[in-house]
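Trainee:
2 protein chains.
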Amino acid sequence: MSSPVYPLSGRPMQMGLLLKLPYVALERHLTRRLHELGFAELRPAHFAVFQSLMPQGSRLTELAETAGMTKQSMGYLVDYLEGHGYLRRVPDPLDQRAQLIRITQKSKKLDEAVETVLNELHDAWAGRIGRAKFNELRDLLGDLVNALRDTAGAPVHSRR
Amino acid sequence: MSSPVYPLSGRPMQMGLLLKLPYVALERHLTRRLHELGFAELRPAHFAVFQSLMPQGSRLTELAETAGMTKQSMGYLVDYLEGHGYLRRVPDPLDQRAQLIRITQKSKKLDEAVETVLNELHDAWAGRIGRAKFNELRDLLGDLVNALRDTAGAPVHSRR
């Protein structure tokens, strides 16, 4: 198959859109399937919250920084998810004036559902481009993510 | 290198985050470099507009649909970019009551700058994981994007 091109310029797509288009397709599929599975309040924007949360809980500023959003925008998403029982705020044991945002039992059920749906989607994608190519793609993306994580000045999911 | 894991669950990352993390890194780098090159008004959210625009112009509803955003959110981005000279609205030749959103000369200069910056970034990424692996990754992503584009019900950048 020939390389996909940008609609506007007709030039071959660069990595930006090559990464983004499958991600957007995945997010849409995931949202639709989660609605079917009973998690009807979730919108694609909410995934950025769960993707950024640390196991011990995270401060709002950390979530915003990791997700590349303003504190105000992240606060809006967190308020929504807290209101629907997916998150709770607890005092930070390291600083009683601060709050940590943590997942709830409902979020753990959501996490299981996400895992199931993404496994289905992986199988569907492997069916389209071939299992060997799919596995190779996943490994190469893993290498890239590891390489970018090691880059000074571009930390992702750094531990506290 | 071992596979990267989700911070929250410790499970191996699925395709969602494997695609998203490099994309977010790319968007941040691109925004920073574009600011240095004189396109100081641009924020990461604006890329979704240019990525969705068709050469002959696009209607607001089409842009919103392609980008997976509400019409209101897309309208906000388009207003901002029009106010800064990157876009203009013209009557749709197919329907005088409707408007098409088109790029300007300033957007064409922006497009050249984006191409330059992304080529730099591609070289940097190829330096990290190896040129052969990088080219393989780019080809496999192209195959996946083509495969998803052919999927019924998941059109990306369909022509009018």
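The listed protein sequences derive, respectively, from chains A and B.
Everything in the first sequence is counted per the numbering used here, starting at 85 for the first residue and increasing by one.
Everything in the second sequence is counted per the numbering used here, starting at 85 for the first residue and increasing by one.
For glycine and all other residues, C-beta sits at the position ideal for the given N, C-alpha and C.
The structure displayed is predicted, hence computed values, not measured ones.
With a threshold of 16 other CB atoms inside 10 Å of the CB of A:ALA148, please say whether the residue is buried or exposed.
Mentor: Looking at its Cβ environment, which holds 16 or more other Cβ atoms inside 10 Å, A:ALA148 is buried.
Trainee: Enumerate in chain order the residues of its own chain whose CB-to-CB distance from B:LEU126 is below 7 Å, with the five nearest sequence positions on each side excluded.
Mentor: Once the five neighbours on either side are set aside, the close Cβ partners of B:LEU126 are THR115 and LEU118.
Trainee: Use the C-beta contact count for A:ALA236: other C-beta atoms within 10 angstroms, 16 or more gives buried, fewer gives exposed.
Mentor: Here the model assigns A:ALA236 a pLDDT of 44, short of 50, so the residue's position is not dependable and the matter cannot be decided.
Trainee: So, does the CB of A:VAL240 fall closer than 8 Å to a CB anywhere in chain B?
Mentor: For A:VAL240, the predicted model reports a pLDDT of 43, less than 50, meaning its position is unreliable; a value from the coordinates is still stated below. Chain B, which has a Cβ nearer than 8 Å to the Cβ of A:VAL240, makes this yes.
Trainee: Secondary structure at A:PRO106, three-state DSSP: helix, strand or coil?
Mentor: Helix, per DSSP.
Trainee: Taking 8 Å as the CB-CB limit, is A:TYR107 close to chain B?
Mentor: Closer than 8 Å to some Cβ of chain B, the Cβ of A:TYR107 qualifies, so yes.
Trainee: Between which two residues does the alpha helix (DSSP H) holding A:ASP163 run?
Mentor: 155-167 is the span of the alpha helix (DSSP H), which, as asked, contains A:ASP163.
Trainee: What would DSSP say about B:ALA210, mapped onto helix, strand or coil?
Mentor: In the structure shown, B:ALA210 sits in a helix (DSSP, three-state: H, G or I).
Trainee: What are the start and end residues of the beta strand (DSSP E) that includes B:VAL174?
Mentor: B:VAL174 -> beta strand (DSSP E) spans 171-176.
Trainee: Going straight from the alpha carbon of B:ASP195 to that of B:GLN189, what length do you get?
Mentor: One C-alpha to the other measures close to 10 Å.
Trainee: Checking the sheet assignment: what are the DSSP bridge partners for A:VAL89?
Mentor: A:VAL89 is bridged to A:PRO96.
Trainee: Could you check whether A:VAL133 and A:LEU161 sit closer than 8 Å to each other, using their CB atoms as the reference points?
Mentor: Yes, Cβ-Cβ distance for A:LEU161 and A:VAL133 is below 8 Å.
Trainee: Just by C-beta distance, which residues in the stretch 103-137 of chain B are closer than 9 Å to chain A?
Mentor: Listed by position along the chain: LEU103, LYS104, LEU105, PRO106, TYR107, VAL108, ALA109, LEU110, GLU111, ARG112, HIS113, LEU114, PRO128, PHE131, ALA132, PHE134, GLN135, SER136 and LEU137.
Trainee: Determine the chain B residues that contact A:GLN180 at a beta-carbon separation under 7 Å, and present them in chain order.
Mentor: None at all; the shortest Cβ gap to chain B is about 24 Å.
Trainee: Using beta carbons (cut-off 8 Å, strictly below), is A:LEU228 in contact with chain B?
Mentor: So yes, A:LEU228 belongs to the interface.
Trainee: Determine, for A:ARG233, whether the minimum Cβ-Cβ distance to residues of chain B falls below 8 Å.
Mentor: At least one chain B Cβ lies under 8 Å of A:ARG233.
Trainee: Could you spell out the range, first to last residue, of the alpha helix (DSSP H) harbouring B:GLN79?
Mentor: Here chain B has residues from 85 to 244 only, and residue 79 of chain B is not among them.
Trainee: With distance defined between alpha-carbon atoms, name the residue in B:LEU144, B:MET99, B:ARG212 and B:TYR90 nearest to A:ALA208.
Mentor: The shortest C-alpha separation from A:ALA208 is found at B:MET99.
Trainee: Closest by CA to B:GLN140, which one among B:THR154, B:ARG215, B:PRO175 and B:TYR164?
Mentor: Ranking the options by Cα distance to B:GLN140, first place goes to B:PRO175.
Trainee: Spell out whether any CB of chain B is found under 8 Å from the CB atom of A:LYS217.
Mentor: Yes, A:LYS217 counts as interfacial toward chain B.
Trainee: Buried or exposed: where does A:GLU204 fall if 16 or more other Cβ atoms within 10 Å of its Cβ makes it buried?
Mentor: By the 10 Å Cβ count, A:GLU204 comes out exposed.
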